[in-house]
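Residue numbers (the working numbering): 27 to 808. Ideal Cβ positions, reconstructed from N, Cα and C, are used throughout, including at glycine. From a predicted model like this one, the values you see are computed outputs, not experimental measurements.
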Ligand SMILES: Nc1nc2c(ncn2[C@@H]2O[C@H](COP(=O)(O)OP(=O)(O)OP(=O)(O)O)[C@@H](O)[C@H]2O)c(=O)[nH]1
């Protein structure tokens, strides 16, 4: 029989009977226990000797069982219990004085006379109150009603009275039900329909205005707020279920207890504060139901709420300008009231702002015609503490972008926390953590202009922990300043550290022009030897990384003192340098060619709120152009938005082109669809979202099928190198080996990467692969 059958065939009654009939008898002893018991009994009997006759075998056995065959304990117990039990002490004779004393009355001795303790309090003052001053207990008036009296039981009614009261109650319930139905029907008409809105006055169309109107016309039971009896307000919401219940209860109470009308005590001071002074004559109106205090509104308050709020006015105006609500299209005659309510609620949705108008400008022609300055972005890279931020701070000070007072203030603050040497760096490093730690954490942007060019500084962090942020900066740059610390030992350690990694990364990100600022030369007495030594080493290294000699320039500087930044150094020890200062080298750097005619691509660097829009974004336009009023597609969300307005270099403009850093104020989009790293594109020429791509990558480390993080600008995505399809020649790009198992550092390989999610990517984009906090490869999407 299976277990299921067994369970099914079980007679639960029997089982339970067995259980209920729990056997009081001792369980059978096991053979071992029986042997121990016999042995123990004999031992105990022997030990007791003649006294053993005073105890039965059963008593011995029970004791043995209790003490688990400990014969000594058993013998001791049996002697104490049965053979020599302790003598009972005789009760002491009752003390006459104690017996005279009053005995305490307890629950169990109800027959005993009640004790009188009054004699104990005879000498206390309150025991001697004269009869005429004793408190008299006056029973409360019954029945009590309302808040002041509580509820007393009504007097008994005759059958006829009961019948009349029941009928009245029924009629009231029916009336209340009808009112409820009417209110519900009116609720179904609550929708912000455009037709209605156009017919009616805008101010009274707001949700609140409508609500007031509806409530006035439908809820008959509700008395107009202003008609409340002076000095005593009526319950305001008799049409609400709670108020109906109250009113019914009040009426029923009147019906149930028609007479007699009891005399009531005056309300307490507290009750008067809450509900106002009592009526002149209690017979004039029996106050059974008290309104809640906050419903007892003054006429000024009521007047304030009788008009639509400023929000209502705005909504009404927006709705007029906007498109029709879904409710108008979906509402059908004869639909059930529930459906109508549902669709009306849908219709209550606040409509999107009107679409911005485009001037349909020919942006490229406008750009050609404009006499605007060149725009160039450069990223400042280099090993940690090489002096990048200080150099840029000094540059901004010397170019009068920042005034001396600001720097003095920063110096004071920096001195307070023992970091006075970082005062200039604080112009760019504005985060509290950056200032406290003395390191740049994220890209800091700033802007300055020369006669010919508007420059955007992208000050990158040097610390290896923040390489992803450095990559984001490099991806927006036209060229780079590589800062090298010339002080003793610092250059050497930098070369092993981020000087090398940053150089590789900027080249991989497509930067081809680099200005090497050999910094802190003041610390080595402006030694030309040191400068030349560093120049030679870095030059060779950069050439090996892929930079052409003509695109590399070296400037000896002191960022801290401003030597050779904007002006040539006045230090005689630096006179050996005859080349231009850093700013001139920047101006000589041509920004990379703009992809003006290509489809719009802009990577979002920041999402924020501005007075112009709750969703504003900033970033560099990588390709194409845009203008106010343009529709945009945001990938990977696939959501559409419109350019409400835009700014370039903090100035409001009509259009922007590739290479410019723009701020776009968006409309008709929810914030959840816009994230840092997303790509803005033209809806007609969208960027694809991929989860697999092929990369022509320069290996910085050993590559093999492995987990990697893919970085493209601000976009980070987790993925995996699925396979290495080929090793390529560095110069020609020809395949030198097919399907290698690994790619060694410094080789170029074609790798297939699979991502865990789909991200906007397309051929020609540059991405970086990192693994375990190290950059392992960088390259171009094929
Ligand atoms: N003597 C001297 N000290 C300098 C010079 N430039 C920078 N420093 C000092 O170097 C330290 C680091 O400067 P930062 O500007 O913070 O260096 P950084 O490269 O921006 O640092 P991270 O961004 O955190 O990598 C500060 O104490 C500066 O005062 C210089 O030309 N001469």
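For the 8 Å CB-CB criterion, residue 506 and residue 532 form a contact.
Looking only at 677, 627 and 636, the smallest Cα-Cα distance to residue 658 is reached by 627. Of all alpha-carbon atoms in 429, 108, 339 and 563, the one lying nearest the alpha-carbon of residue 544 is that of 563.
By the C-beta density criterion, residue 552 is buried, having at least 16 other C-beta atoms within 10 angstroms. At a Cβ-Cβ threshold of 8 Å, residue 510 and residue 443 do not count as neighbours. Across the set 739, 499, 772 and 737, the C-alpha of 772 shows the shortest separation from the C-alpha of residue 754.
Annotation for residue 568 indicates a beta carbon at 7 Å or more from all heavy atoms of ligand 1. Distance from the Cα of residue 746 is smallest, within the candidate group 779, 763 and 760, for 779. Straight across, the Cα-Cα distance linking residue 710 with residue 386 is about 15 Å. For the pair of segments examined, the stretch 491-498 was found not to touch the stretch 616-625: the number of CB pairs separated by less than 8 Å stays below three. Contact between residue 705 and residue 661 holds: their C-beta atoms lie close to 5 Å from each other, under 8 Å. Contact check for residue 785 and residue 743: beta-carbon distance about 5 Å, within the 8 Å limit, so the pair qualifies. Within its own chain, the residues whose Cβ lies closer than 8 Å to the Cβ of residue 725, once the five positions on either side in sequence are excluded, are 769, 770, 771, 772, 773, 774, 775, 802 and 803, listed in chain order. Contact between residue 735 and residue 792 is absent: CB atoms are separated by about 15 Å, not below the 8 Å threshold.
Distances from the CB of residue 545 to the heavy atoms of ligand 1 include at least one below 7 Å. Within the same chain, and ignoring the five residues on either side of residue 642 in sequence, the residues whose Cβ sits closer than 8 Å to its Cβ are 633, 634, 635, 636, 689, 690, 691 and 692. Between the alpha carbons of residue 480 and residue 473 lies a gap of roughly 7 Å.
The shortest CA-to-CA distance from residue 587 to any of 549, 81, 462 and 71 is the one to 549. Take the alpha-carbon of residue 602 and the one of residue 464: they are about 33 Å apart. For residue 67 against residue 90, the beta-carbon gap comes to about 7 Å, under 8 Å, which counts as contact. For residue 459, the CB contacts under 7 Å within the same chain, skipping 5 residues up- and downstream, are 467 in chain order. Beta-bridge annotation (DSSP): residue 668 is paired with 657 and 693. Per DSSP, the continuous beta strand (DSSP E) segment holding residue 627 begins and ends at 627-629. A residue is called buried once 16 or more other Cβ atoms fall within 10 Å of its Cβ, and residue 451 is buried on that count. DSSP places residue 642 inside the beta strand (DSSP E), whose first and last residues are 641-649. Annotation for residue 609: 421, 425, 476, 591 and 592 place their beta carbon closer than 8 Å to its own, counting only its chain and skipping 5 residues before and after. In the DSSP assignment, residue 580 forms a beta bridge with 542. For residue 410, same chain residues with a beta-carbon under 6 Å away, outside a window of 5 residues either side, are 488 and 489 in chain order. DSSP places residue 717 inside the beta strand (DSSP E), whose first and last residues are 715-725. Distances between the C-beta of residue 447 and the heavy atoms of ligand 1 include at least one below 7 Å. Note that the stretch 515-533 does not touch the stretch 427-444; fewer than 3 beta-carbon pairs, one per stretch, sit closer than 8 Å. Residue 380 holds the alpha-carbon nearest to the alpha-carbon of residue 668 among 380, 87 and 102. When the Cα atoms are used, residue 683 and residue 767 turn out to be separated by approximately 44 Å. Annotation: the continuous alpha helix (DSSP H) that includes residue 494 extends over 493-500.
For residue 496, the distance from the CB to the nearest heavy atom of ligand 1 is not below 7 Å.
According to the DSSP secondary-structure assignment, residue 507 is paired through a beta bridge with 406 and 541.
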